[in-house]
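A.B. asks:
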Amino acid sequence: MMSKLLYSVSMSVDGFIAGPGGDMSWLTEHLGPNPLVDELIGDIGALLVGNRTFRGDDPHKDTEKEGKAFGGGWSGPQFILTHHIPADSPPGITFVGDLATAVAAAKDAAGGKYVNVLGADVARQCLEAGLLDEVLTIVVPVMLGDGVRLFDRPDGAGVRLERVSVSHVPHATNLWYRVTG
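Per the UniProt record's numbering, the sequence shown starts with residue 1, numbered consecutively.
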């Protein structure tokens, strides 16, 4: 089975995935049990992460879960897309300078499981390159009013999606889509 690229993200009702300046503290009170996410974690083989997301704010700040993917629920290879590759990398983390190389390495490492894309800009780049297969948006009941949008495309061209599933948990609604064009 060929690994697929999945952009999974929590989002406010008004379309923001991070607050102003990349603030993720808004999400902390909305984290809770989500059977869909719990199941998905076992289907992820690698992460493809944008540099700002990798170095950015963490909703688990100042807890034992800080700095851990899915709050410590997942571990495995991570590929960080960046223009500034550091001399040293922490174990399990590979810094990559271009999208095509990063995607190929992440898919290879995922071994047929999902490559989970984290970060709005890297997800947009994957979409632009025709590489993104699916989008899972976990909509939480809050409006931020400003911040980092789920998807921002300056030319305004839309992306067609086909609904795969919709599910609800007390603190969120899960919307899963397949990218069709």
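Beta carbons are placed, not taken as given, at the ideal position from N, Cα and C, and that holds for glycine. Quick caveat, the model's predicted, so the values are computed rather than measured.
Please report how far the alpha carbon of residue 174 lies from the alpha carbon of residue 128, in whole angstroms.
C.D. replies: Mapped onto the sequence shown, residue 174 falls at position 174. Mapped onto the sequence shown, residue 128 falls at position 128. If I take the Cα positions, the gap works out to 24 Å.
A.B. asks: Rounded to the nearest angstrom, what separates residue 12 and residue 101 at their Cα positions?
C.D. replies: In the sequence shown, counting from the first residue as 1, residue 12 sits at position 12. In the sequence shown, counting from the first residue as 1, residue 101 sits at position 101. Cα to Cα, the separation comes out at about 32 Å.
A.B. asks: Can you list, in chain order, the residues of its chain whose CB lies under 6 Å from that of residue 116, leaving out five sequence neighbours each side?
C.D. replies: The count along the sequence shown starts at 1 and reaches residue 116 at position 116. The residues are 6, 8, 44, 47.
A.B. asks: Are the segment 20-32 and the segment 149-157 touching by the rule of at least three beta carbon pairs closer than 8 Å?
C.D. replies: Taking 8 Å as the limit for Cβ pairs, the verdict is that the segment 149-157 does not touch the segment 20-32.
A.B. asks: Figure out for me which residue from 108, 122, 138, 178 has the closest Cα to the Cα of residue 53.
C.D. replies: Here residue 53 refers to the residue found at position 53 of the sequence shown. That would be 122, whose Cα lies nearest to the Cα of residue 53.
A.B. asks: Using the DSSP secondary-structure output, state which residues sit across from residue 78 in a beta bridge.
C.D. replies: For this step, residue 78 is matched to residue 78 along the sequence shown. Partner(s): 47, 93.
A.B. asks: Ordered along the chain, which non-local residues of its own chain (more than five positions away) have a Cβ less than 6 Å from that of residue 34?
C.D. replies: Sequence index remark: in the sequence shown, residue 34 carries index 34 (1-based). Taken in chain order, the residues that qualify are 169.
A.B. asks: List the residues that DSSP assigns as beta-bridge partners of residue 134.
C.D. replies: Numbered from its first residue, the sequence shown carries residue 134 at position 134. Looking at the DSSP assignment, residue 134 forms a beta bridge with 6, 178.
A.B. asks: How many angstroms separate the CA atom of residue 140 from the CA atom of residue 126?
C.D. replies: For the purposes of this step, residue 140 is taken as the residue at position 140 of the sequence shown. For the purposes of this step, residue 126 is taken as the residue at position 126 of the sequence shown. Spanning the two alpha carbons is a distance of roughly 24 Å.
A.B. asks: Which of the three DSSP states is assigned to residue 31 in this structure?
C.D. replies: Here residue 31 is taken as the residue at index 31 of the sequence shown, counted from 1. Three-state DSSP puts residue 31 in coil, outside helix and strand.
A.B. asks: Per DSSP, what kind of secondary structure is residue 87 in: helix, strand or coil?
C.D. replies: Counted from its first residue, the sequence shown places residue 87 at position 87. Coil.
A.B. asks: Do residue 109 and residue 76 have their CB atoms nearer than 9 Å?
C.D. replies: Counting from 1 along the sequence shown, the entry for residue 109 is found at position 109. Counting from 1 along the sequence shown, the entry for residue 76 is found at position 76. Yes, they are a contact pair.
A.B. asks: Measuring alpha carbon to alpha carbon, tell me which residue in 91, 83, 160, 92 is nearest residue 99.
C.D. replies: The residue labelled residue 99 in the question sits at position 99 within the sequence shown. Comparing Cα-Cα distances from residue 99 to each of 91, 83, 160, 92, the minimum goes to 83.
A.B. asks: Could you say which of 144, 179, 153, 157 lies nearest to residue 19 if we only look at CA atoms?
C.D. replies: By one-based count along the sequence shown, residue 19 stands at place 19. The residue with the shortest Cα to Cα distance from residue 19 is 144.
A.B. asks: Residue 42: buried (16+ other C-beta within 10 angstroms of its C-beta) or exposed?
C.D. replies: Sequence index remark: in the sequence shown, residue 42 carries index 42 (1-based). Exposed: under 16 other Cβ atoms inside 10 Å.
A.B. asks: Rank 30, 135, 2 by C-alpha distance to the C-alpha of residue 171 and give the top, closest one.
C.D. replies: Counted from its first residue, the sequence shown places residue 171 at position 171. Nearest C-alpha to residue 171: 30.
A.B. asks: Judging by CA-CA distance, which residue of 103, 180, 153, 167 is the nearest neighbour of residue 79?
C.D. replies: Counted from its first residue, the sequence shown places residue 79 at position 79. Selected option, being the one with the closest Cα: 103.
A.B. asks: According to the neighbour-count rule (16 or more other Cβ atoms, all chains shown, within 10 Å of its Cβ), is residue 180 buried or exposed?
C.D. replies: Locating residue 180 in the sequence shown gives position 180, where the first residue counts as 1. So residue 180 counts as exposed.
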